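Numbered as in the working numbering, the sequence shown ends at 365 without a single skipped number.
Idealized CB from N, CA, C, for every residue including glycine.
What you are looking at is a predicted structure, and each value in this text was computed from that prediction instead of being measured.
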Amino acid sequence: MTERSAVDEQFMARALFHAARGSGRTSPNPLVGAVVVSSDGVVVGQGFHERAGEPHAEVHALTEAGARARGATLYSTLEPCCHHGRTGPCVSRIVDAGVARVVAAVEDPNPAVRGRGFAFLRANGVAVDVGVGADDAVALNRPFFTLMREGRPFVILKAATSLDGRIASAPGCRTPLTSEESNRHAHRVRAEVDAIAVGSNTLLVDDPALTARGAFRERPLVRVVFDRRLRTPPTARILSTLDDGPVIIITAAEAAARAGLRGPLEARGAHIEVARNDSFRAALELLADHAIGSVLLEGGATVHAAAWHEALVDFVRLYVTPRALGPNGVPLLGGRPFSSADLGGRRVTPLGPDVLVEGYVHRIG
């Protein structure tokens, strides 16, 4: 490794640290950090994208640097933007500030950018290097990359299982399994995603509120019900929690056409969306239209199995309890082949008497 590349990695690590500070607040925008370093190696500005619709990381860093940005190197965890959204293009600010070199971790997959930011900078005399810290930058923004590249949210399959791989003692039977420690962790996770989703069976059996209790959340939390036949009752508890965020019910055209089913739900404040077909991908594409970048798929068995069957699960989070439910219990994923040992970046964490097992299913990047 050359001295220059070592220095670049050092400052990119700093930019990645700042990027992570926006976690849970920037969606559907990515997490981005930026650091401005003078020609003599002094950090003169740094910042991160704090909220969607507010100034980008590069703008914060350049503002802090002021005149000291002239001749400096700007490190950014993502390609600087070149389009007019809710904020102006960052590349113009970079050129106007007199930055001599930009080091970016990865190209922005947004079709409105996708290399055009780099091209603008080079055309205006700014040296550009790409790839330093790329893997870490992509890992930080897996939901954003999935949304941009695949047109669907990043899907996190969450389940509580018994020691023998069952999620309930019998079909349609509510079976609490996890400890208080696991439950607290699950609510903290809810506070970090854009949406929580369940199938209609889970809603009918458990009548969940699907809120993030005991965990701070800055943005409204979208709750999604996959309900092909519009079986959701207007009295469902989830419809009494609209102050926490909107409720979207995704259904089929035939059910949506029945005013007697749709009308009472809309009167309670539910948003009814009609999927173009019965596939799970079609339902996810509707959520992408709502700028939802990440979905915590909490169940039940039918929804989990559908997502897994279509290879649309990106991350698995299992709360494994020491209790066994026996051969009559409902198996995870409907008994489809699954081994947590195959998960990428697999982590195992004790949570009281339970064990949290989690990891990636797909590689992004």
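Delimiting residues of the alpha helix (DSSP H) encompassing residue i
{"i": "T302", "result": "301-309"}
{"i": "F338", "result": "Element bounds for F338: n/a, residue is neither H nor E."}
{"i": "H60", "result": "57-65"}
{"i": "E150", "result": "142-150"}
{"i": "S182", "result": "180-190"}
{"i": "L74", "result": "Note, L74: premise wrong, no alpha helix (DSSP H); beta strand (DSSP E) at 73-76."}
{"i": "A119", "result": "116-123"}
{"i": "E254", "result": "253-256"}
As assigned by DSSP and simplified to three states, the class of residue i
{"i": "R347", "result": "strand"}
{"i": "A435", "result": "One cannot answer for residue 435 here, as it falls past the ends of the chain, which runs 1 to 365."}
{"i": "E298", "result": "strand"}
{"i": "R101", "result": "strand"}
{"i": "P171", "result": "coil"}
{"i": "F280", "result": "helix"}
{"i": "L287", "result": "helix"}
{"i": "V35", "result": "strand"}
{"i": "R93", "result": "helix"}
{"i": "V138", "result": "helix"}
{"i": "H83", "result": "coil"}
{"i": "E54", "result": "coil"}
{"i": "A20", "result": "helix"}
{"i": "D9", "result": "The sequence shown places Glu at residue 9, not Asp. Looking at E9 - three-state DSSP - the assignment turns out to be helix."}
{"i": "R231", "result": "coil"}
{"i": "L242", "result": "helix"}
{"i": "D129", "result": "strand"}
{"i": "V113", "result": "coil"}
{"i": "R70", "result": "coil"}
Best match in the options for proximity to residue i [C-alpha to C-alpha]
{"i": "S5", "options": "N183, V103, R152", "result": "V103"}
{"i": "V43", "options": "M12, A267, V295", "result": "M12"}
{"i": "P30", "options": "A61, N141, C82, A105", "result": "N141"}
{"i": "R213", "options": "F145, A105, V189", "result": "V189"}
{"i": "E298", "options": "G172, R217, A186, E50", "result": "A186"}
{"i": "V59", "options": "H271, F48, E79, E9", "result": "F48"}
{"i": "L210", "options": "G151, L78, L239", "result": "L239"}
{"i": "T73", "options": "V35, D207, D96", "result": "V35"}
{"i": "V32", "options": "G41, G22, R223", "result": "G22"}
{"i": "S339", "options": "W308, A324, D136, N328", "result": "W308"}
{"i": "P143", "options": "P28, L261, V106", "result": "P28"}
{"i": "Y75", "options": "G66, C82, L62", "result": "L62"}
{"i": "A112", "options": "P89, F154, L204", "result": "P89"}
{"i": "G66", "options": "C81, I94, V361, L157", "result": "I94"}
{"i": "G151", "options": "E273, A19, Q10, N110", "result": "N110"}
{"i": "L121", "options": "S92, G260, L318, A341", "result": "S92"}
{"i": "N328", "options": "R166, A139, L204", "result": "R166"}
{"i": "S279", "options": "G300, G263, P264, T251", "result": "T251"}
{"i": "N277", "options": "R229, A324, G263, L261", "result": "R229"}
{"i": "G131", "options": "V106, L157, A275, L325", "result": "V106"}
{"i": "L343", "options": "H362, G326, L325", "result": "H362"}
Limits of the unbroken beta strand (DSSP E) element including residue i
{"i": "L318", "result": "315-320"}
{"i": "E266", "result": "Here E266 belongs to no beta strand (DSSP E); instead the alpha helix (DSSP H) covers 259-267."}
{"i": "R25", "result": "That residue, R25, is in no beta strand (DSSP E); it is neither H nor E in DSSP."}
{"i": "R219", "result": "Run containing R219: none; DSSP gives neither H nor E here."}
{"i": "A160", "result": "154-161"}
{"i": "H49", "result": "First-last for H49: undefined, no H or E at that position."}
{"i": "H271", "result": "271-274"}
{"i": "V361", "result": "V361 -> no beta strand (DSSP E), and no H or E assigned at all."}
For residue j and residue i, believed in contact at Cβ under 8 Å, the rounded distance
{"i": "D227", "j": "I292", "result": "About 17 Å separates the two Cβ atoms, so there is no contact after all."}
{"i": "L221", "j": "I196", "result": "7 Å"}
{"i": "S179", "j": "P353", "result": "5 Å"}
{"i": "G359", "j": "V316", "result": "6 Å"}
{"i": "P234", "j": "R268", "result": "5 Å"}
{"i": "A191", "j": "R217", "result": "4 Å"}
{"i": "A127", "j": "A100", "result": "7 Å"}
{"i": "L312", "j": "R336", "result": "In fact, because the Cβ distance is near 13 Å, the residues do not count as touching under 8 Å."}
{"i": "E50", "j": "R25", "result": "7 Å"}
{"i": "V330", "j": "A170", "result": "7 Å"}
{"i": "L203", "j": "T232", "result": "6 Å"}
Assigned exposure category for residue i - 16 Cβ within 10 Å defines buried
{"i": "P350", "result": "exposed"}
{"i": "R347", "result": "exposed"}
{"i": "D366", "result": "What the structure shows of the chain is the stretch from 1 to 365, and residue 366 is not part of that stretch, so it cannot be assessed."}
{"i": "C173", "result": "exposed"}
{"i": "D289", "result": "exposed"}
{"i": "S39", "result": "exposed"}
{"i": "G45", "result": "buried"}
{"i": "R68", "result": "buried"}
{"i": "A123", "result": "exposed"}
{"i": "A236", "result": "buried"}
{"i": "D371", "result": "Lying outside 1 to 365, the shown extent of the chain, residue 371 is not represented and no answer is given."}
{"i": "A160", "result": "buried"}
{"i": "G345", "result": "exposed"}
{"i": "A70", "result": "First, the residue type needs correcting, since residue 70 is Arg and not Ala in the sequence shown. When all chains shown are included, R70 counts as exposed."}
{"i": "D314", "result": "buried"}
{"i": "P55", "result": "buried"}
{"i": "A275", "result": "buried"}
heavy atom of the ligand HEM below 7 Å from residue i C-beta
{"i": "V355", "result": "You won't find the ligand HEM in this model; it holds no ligand whatsoever."}
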